[in-house]
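Protein chains in written order, with this note's numbering: chain A, 7 to 503; chain B, 43 to 393; chain C, 4 to 328.
The C-beta atom is built at its ideal place from N, Cα and C for all residues, glycine as well.
Just so you know, these numbers come straight off a predicted model, no measurement behind them.
Notes follow once the structure below has been shown.
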Amino acid sequence: MSEATPLLEMRSISKRFDATQALDDVGLVLRAGEVHALLGENGAGKSTLIKIMTGIHPPDSGEILLDGKPVTLRSSADAQRVGIAAIYQEPMIFPDLNVAENIFIGHQNRGPIVNWGAMARDAERILGDLDIQLDVRTPARGLTLAAQQAVEVAKALSLQVRVLIMDEPTAALSAHEVAQLFKRVDKLKRQGVAILFISHRLDEVFQIADRVTVFRDGRHISTRPRAEVTPEGAIRDMVGRKMEDFFHRSERAFGDVLLRVDGLGRAGAFTGVSFEVKRGEVLGFAGLVGARRTDVGLALFGVAPADAGTITLAGQTVTIGSPQSAMSHGIAYVSEDRRQLGLSLPQSITANVTLATLKRYLSRLGLIKPVAEQATAAEFREKLSIRAASLEHPVGQLSGGNQQKVMLAKWLNLQPQVLILDEPTRGIDVGAKAEVHHIVDQLAQQGLAIILISSDLPEVLAMSDRVLVMREGRQVGIFEHGVATQEAVMTAAVGVA
Amino acid sequence: METLRRVLRPEQIRELSLALIIFVAVAFFSTQIENYLSGRFFVRVSTSVAITIVLATAQTLVILTRNIDLSIGSIVGVAAYVTGQVLGANPELSPLAAITVALIIGAGLGLINGLLVAYGRVPAIIVTLGTLAIYRTWLIDYAGAKTITADSLPQWLVDLPRLNLFSSGELDIRGLFVLAVVIAVLIQLALNYLPWGRRLYAIGSNPEAARMAGLPAPRLVVSAYAICGALAGLAGFMFLARFGTITVTAGQGLELQAVAAAVVGGVSTAGGSGTLLGALLGAVLIDTLNQSLTRMPGVSEFWRDALLGLLILVAVATDYVLMQRLRRLWIVDQLKARAAPTPAPEEHHAP
Amino acid sequence: MRLSLKSLRSWEGLLLVILIAVVALNIALSPVYLGVGNFINLFQLSIEKIIVALIMAFVIINGEIDLSVASVMGFAACVVAVVHENNALPFAAAVALALVVGALAGLVQGYFVAHMGLPSLAVTLAGLIGFRGMARMLVEDRSIGDFPEWFNALGQKPLLGPIPLALLIFVGMAVIAVIVLQSAAFGRYVTVIGNNADVARYSGIDVKRVKLSLFVLSGLVAALAGVLLAARLGAVRASTGEGFELDIITMVLLGGVSIFGGSGSLVGVGLSILIILNMRNGLGLANVEANTQTGIIGALLILSVLVPNLVNGLRRARVGRAGHT
């Protein structure tokens, strides 16, 4: 590719929101046909940059050059017109419209009358080019997350995109689906599309990127060709200090079997899941997205109770029909979706920490004792090093990592025996991730039985004492730590011999 | 099975079952009420349902965008009254001009609602609860206890409700009824085949995604409210023609009937889903029950509202439960179809 | 400038400013405004609405709405009247029956909302039509009065000093409501559910029970208000209380409770009630018709959300421009 004129250049961009300087005089150059990775912790300014590139926010200062000529982007329609599109971690799908319409809805120039036949054909052609098999006439409601993501890629492509921004597109995808996505990215790259790729997963970045840029605290730190970047160097640039080991795991002694599950199943979700977890043990759950690992967690927590099999807790057979009954048995479930299922975002840290255990803070008159409540929150702020100006701060304003810790605090306050962690490090930055791993290790040492559901394969392998692998609602194997290699687990999860 | 599933989506099954319910209701009433299945009864229902259809259409447009318009009853009142007054003062005015007056009044009031919702970013229920009161208050102040009476209106208008487009024996097809159905059909076509219509569905289905896709949501919302208002204005004109006598309370409560028709017809208050065929069927069902119950022996006319409330509740509940079941069935079906071995993708696009 | 913007940002602050302005205007314009009698009267004329507004605030903070309250009020009043007319039960028992009927009305609607997951807008719209219909079935087009002397007296005469029963009930309920919302577990659950019902469910909160009890309470309180209305008016028709739901919802929303649920304070609702009552009172003293008052309240409802939106918009635009230079 020619070095002469970059396809897109962002020059000395600054942007301020109230008190925070989100971007401070940053630059970024995208060349045609390159995959450019953008790294940075949460709050480094990546999302702000994307929003400026896609016309959602105007920059306070600086300019955007396309083919060397300055452009002004006032709306996402403007950005689309010049060929800039973005796909996000949460697919932006219209559930009531069908797949073909979802792809073409933003188009301004498909004629005055909708030609459903032509639209379906065009959609099939684009999906075909990407090797995606979907009925373009089905409503998008009910598509899997991966399928929705695929529709998003097709949508971006249908716009004759020149610059494609991918904001954590793999966060919710399984390894197999990530591989498919990367094939599509490769295809786009060969067509001369410039791709800005944002991910917290360094292994992916090193697999796919041509150049790597790091932001920290709203500033540009470095841009280098991939060959000159090491994972250690990238992390140093991101966090501004050296990072010790990623997956903290100490030697642990197991107690007796605490949780035993035999032939657990729920119609339409999963069947025949059997395992046991000892006190002080971490049992990992691996599998592709759609393997129904979360459903097992929800059955144990009573949100979607099992209809087959038995659950034995410390030798006693128990029936779990609701979250309340699970909690009374000392089972806690930390959801994968902290914004939608885990935290009441507009409310304070204190209110969230005591939400599941509020009955403990009631006076004889049935009123909440604010002092006791705040003391608990303060204790967890200390223990888990939650960084917040005040405990009365709304949780929604915290960073992802700190939100994750508040959610952990809420469930640890229950003093559970069994802790189910569903994707505990999804979408949080490297530093916070290491802290969460450290906490998990400590909890296991204290004798909790932990179930760790994670799509981050290196994480689940390193943190778990044993790894249970699921595929399409079935348990396909349990691997001991050490035997559980990336290859062995993937083979079981994908289901190829 | 595959083609059946494609042709018959849960939404269509809903409309079919609604039609079935209407059929069953009519069959039931025909055994209870003498001379029920007569041309005269059809005429009676069709005359009253014409206004409900227009209002249900208006309401649906707004509900599709995840909003609501509770002020249309007041708009009907204002449009009916003012148009009646204009016609009383200028009897030589042509029918087309009179309709235009009603449409413009309605569109103007709808536009105010739309601007407040879309650009003032005030929730629709607040705006239209407010304008429900404001428009009515204005009308009461303006009218000053004077009533529009039929003898002040030109003869063509008084005769309009009895204008038949087509008649055979006892069965008359009223012009206003046909007008209402034609409007619903035309707007549904626009919703299906104009980019404008598809975008109304899109912004109701997922407002955030619509913003990301660069759809001009505020303008679309304003257009939905303006057209909704214009249709309410038209309904006001039809109201004027039908009753001749217009007091300041004209049209009061019609907003609830319109919401009820849309909801019974399966238009989701969460936006993005529903059709005008459904709303039309909802309007027909409600008016059929209304008109039938008043004539049913042993049923006091005072029972009407109680039964209507029950009907809405039952319709919403069964509809909701049914739709959830059906959708789940459909999705499971799709998953199975996907899990089944599929031909290699390469076959689809030879080099 | 900075100060005024900041106080605008706090909704209660703005309401307080408006209230002071309305009261000052009333004092300036009307000599009879400042009198105990007028104050009691000011509350008394809308006492049933403001009682229901308290529970409505909880329902809306919970993320739901109850459009049926005015119809339940009318229905309960008609139950009392019809039982009395037929001498079927002692009068006190008739009142108790009306309260039970109101709670049942709430239970039915609450079941559909909480257990079947139907939108409350649709369910209570059906309730609005249906319960008014039931009132009509009971009373048809009659007007029933001739209640026992003690009942009418409770509704019309002062009970404690100059204060009538209904006002005492309102004050008592207001105190309880403030305490429950701010420092009882139930209040916290109501708010969390209003923010995000899934989060509440995943935290082991019995969402269905909270929602169901809210609707039962809403029906019960509405029925109580209906009985008080019957006592105050001394006669009941099928249309008693018709249209009250608009005023009640306006009081709650003007008080800063979010129509989407999850946030709102009873201090705001209290201030908005005072503003509306004083405004109506002042307008009434100034011989403005009731109809016009309704229009003004409608405008106030819209402005209450529009003005802060516009102020925020302007502020953002100014900050944006400042950043450019």
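Taking the runs of the beta strand (DSSP E) that are 3 residues or longer, which of them lie wholly in the region 378 to 432 of chain A? 424 to 428
Member of A:V424, A:A162, A:L306 and A:Q448 whose CA lies at the smallest distance from the CA of A:V88: Counted from its first residue, the first sequence places residue 88 of chain A at position 82. That would be A:A162, whose Cα lies nearest to the Cα of A:V88.
Closer than 9 Å by beta-carbon distance: list the chain F residues that pair up with A:I374, in chain order. Included in the structure are the protein chains A, B and C, with no chain F among them.
Assuming C:A73 contacts C:G246 (C-beta within less than 8 Å), just tell me the rounded distance between them. Within the third sequence, numbered from 1, the residue matching residue 73 of chain C stands at position 70. Within the third sequence, numbered from 1, the residue matching residue 246 of chain C stands at position 243. Between C:G246 and C:A73 the Cβ distance is about 6 Å, and since that is below 8 Å, they are a contact.
In chain A, what lies closer than 8 Å to C:R329 by C-beta? A question about residue 329 of chain C goes unanswered here, because the residues of chain C that appear run from 4 up to 328.
Amino acids of chain A, ordered along the chain, whose beta-carbon sits closer than 9 Å to that of C:G259: The residue you call residue 259 of chain C lines up with position 256 of the third sequence. Ordered by position in chain A, no residue passes the 9 Å Cβ test against C:G259, which lies about 14 Å from the chain.
What are the boundary residues of the alpha helix (DSSP H) that A:A259 is part of? Taking the first residue of the first sequence as position 1, residue 259 of chain A is located at position 253. From DSSP, A:A259 is part of no alpha helix (DSSP H); its letter is neither H nor E.
Does chain C have any CB closer than 9 Å to the CB of B:R284? Residue numbering aside, residue 284 of chain B sits at position 242 when the second sequence is read from its first letter. For B:R284, the answer is no, since every Cβ of chain C falls outside 9 Å of its Cβ.
Nearest to C:G207 by alpha carbon, out of A:G224, A:M476, A:V309 and A:A85? As a first step, residue 207 of chain C is located in the third sequence; it is residue number 204 there, counting from the start. Looking at the Cα atoms, A:V309 is the closest of the given residues.
How many Å lie between B:L319 and C:A125 at the Cα? Translated into the one-based positions of the second sequence, residue 319 of chain B becomes position 277. Translated into the one-based positions of the third sequence, residue 125 of chain C becomes position 122. So the two alpha carbons sit approximately 19 Å from each other.
Are C:L128 and C:L220 closer than 9 Å when you measure CB to CB? For the purposes of this step, residue 128 of chain C is taken as the residue at position 125 of the third sequence. For the purposes of this step, residue 220 of chain C is taken as the residue at position 217 of the third sequence. No; because the gap between Cβ atoms is not below 9 Å, this pair is not in contact.
To be precise: take each residue of the region 157 to 182 of chain A, compare its Cβ to all Cβ atoms of chain B, and keep it if any distance is under 9 Å. Which residues remain? K161
Counting only beta-carbon separations shorter than 9 Å, does A:S341 have a partner in chain C? As a first step, residue 341 of chain A must be located in the first sequence, where it is residue number 335. Closer than 9 Å to some Cβ of chain C, the Cβ of A:S341 qualifies, so yes.
If I measure Cβ to Cβ from A:A91 and keep anything under 8 Å in the same chain, skipping five residues before and after, which residues do I get? Position 85 of the first sequence holds residue 91 of chain A. Cβ neighbours of A:A91 beyond the five flanking positions: T60, A85, K161, A162, L165, V167, V169, L170 and I171.
Say whether chain C places a C-beta atom closer than 9 Å to the C-beta of B:L162. Locating residue 162 of chain B in the second sequence gives position 120, where the first residue counts as 1. According to the sequence provided, residue 162 of chain B is Gly. The question's Leu does not apply to it. By this cut-off, B:G162 is an interface position.
For B:P203 and B:V220, what's the separation of their Cα atoms in angstroms? To locate residue 203 of chain B, count along the second sequence from 1; it is residue 161. To locate residue 220 of chain B, count along the second sequence from 1; it is residue 178. Computed Cα separation, rounded: 11 Å.
Should C:P93 be labelled buried (16 or more other beta-carbon atoms within 10 Å of its own) or exposed? Looking up residue 93 of chain C in the third sequence gives position 90. Classification of C:P93: exposed, given that the 10 Å Cβ count is below 16.
For a contact meaning CB atoms closer than 9 Å, what does A:Q504 contact in chain B? The requested residue 504 of chain A is not part of the displayed model; chain A covers only 7 to 503.
Alpha carbon of A:Q421 to alpha carbon of A:A395, nearest angstrom: Reading the first sequence from its first residue, position 415 is the one you call residue 421 of chain A. Reading the first sequence from its first residue, position 389 is the one you call residue 395 of chain A. The straight-line gap from Cα to Cα measures roughly 26 Å.
Can you give me the Cβ contacts of B:R241 inside the same chain, cut-off strictly under 6 Å, excluding the 5 residues immediately before and after it? For the purposes of this step, residue 241 of chain B is identified with residue 199 of the second sequence, where counting begins at 1. Result list for B:R241: L257 and L262, in chain order.
Closest residue to C:A233 among C:N290, C:F173 and C:I147 (Cα-Cα distance): Taking the third sequence and counting its residues from 1, the one referred to as residue 233 of chain C is at position 230. Checked all of C:N290, C:F173 and C:I147; the closest Cα to C:A233 is C:I147.
A:N108 to A:V157 span [Cα, whole Å]: On the first sequence, residue 108 of chain A is found 102 positions in, with the first residue counted as 1. On the first sequence, residue 157 of chain A is found 151 positions in, with the first residue counted as 1. One C-alpha to the other measures close to 7 Å.
Please determine whether the Cβ atom of B:V159 lies at a distance below 8 Å from any heavy atom of the ligand PLP. Looking at this structure, you won't find the ligand PLP or any other ligand, since it has none at all.
Determine, using beta carbons only, whether C:G316 comes closer than 9 Å to chain A. Working through the third sequence from its first residue, we reach residue 316 of chain C at position 313. With 9 Å as the cut-off, C:G316 does not count as an interface residue toward chain A.
For A:A85, would you say it is in contact with chain B, using Cβ-to-Cβ distances shorter than 9 Å as the test? Your numbering for residue 85 of chain A matches position 79 in the first sequence. Judged by the 9 Å Cβ criterion, A:A85 is in contact with chain B.
What does the Cβ neighbour count give for C:A106, buried or exposed, with the cut at 16 atoms within 10 Å? In the third sequence, counting from the first residue as 1, residue 106 of chain C sits at position 103. It counts as buried.
Taking Cβ positions, are A:I93 and A:L79 nearer each other than 9 Å? Residue numbering aside, residue 93 of chain A sits at position 87 when the first sequence is read from its first letter. Residue numbering aside, residue 79 of chain A sits at position 73 when the first sequence is read from its first letter. No, the pair does not count as a contact, with Cβ atoms beyond the cut-off.
Per DSSP, the bridge partner or partners of A:E486: Along the first sequence, read from residue 1 onward, the residue named residue 486 of chain A stands at position 480. In DSSP, A:E486 forms a bridge with A:R472.
Answer with buried or exposed for A:H226, where buried requires no fewer than 16 other C-beta atoms within 10 angstroms of its C-beta. Within the first sequence, numbered from 1, the residue matching residue 226 of chain A stands at position 220. Buried: at least 16 other Cβ atoms inside 10 Å.
C-beta atoms of A:L449 and A:I456 nearer than 9 Å: Here residue 449 of chain A is taken as the residue at index 443 of the first sequence, counted from 1. Here residue 456 of chain A is taken as the residue at index 450 of the first sequence, counted from 1. Yes. Within cutoff.
DSSP puts A:E15 in a beta bridge; with which residues? Residue numbering aside, residue 15 of chain A sits at position 9 when the first sequence is read from its first letter. In DSSP, A:E15 forms a bridge with A:V35 and A:L71.
Compare the C-beta of C:G333 against all C-beta atoms of chain B and say whether one is closer than 9 Å. There is simply no residue 333 of chain C to check, as chain C begins at 4 and stops at 328 in what is shown.
What are the boundary residues of the alpha helix (DSSP H) that A:E183 is part of? Translated into positions along the first sequence, residue 183 of chain A becomes position 177. Segment A181 to R196, the alpha helix (DSSP H) holding A:E183.
Reduced DSSP category for C:Y36 - H, G, I as helix; E, B as strand; rest coil: Stepping through the third sequence from its first residue, residue 36 of chain C is reached at position 33. Coil, per DSSP.
Work out the CA separation of B:A131 and C:S60 for me, nearest whole Å. To locate residue 60 of chain C, count along the third sequence from 1; it is residue 57. To locate residue 131 of chain B, count along the second sequence from 1; it is residue 89. Strictly speaking, residue 60 of chain C in this sequence is Ala, with Ser absent from that position. Taking the straight line joining both Cα atoms gives about 48 Å.
Residues bridged to B:N206 by DSSP? The residue labelled residue 206 of chain B in the question sits at position 164 within the second sequence. B:N206 is bridged to B:R216.
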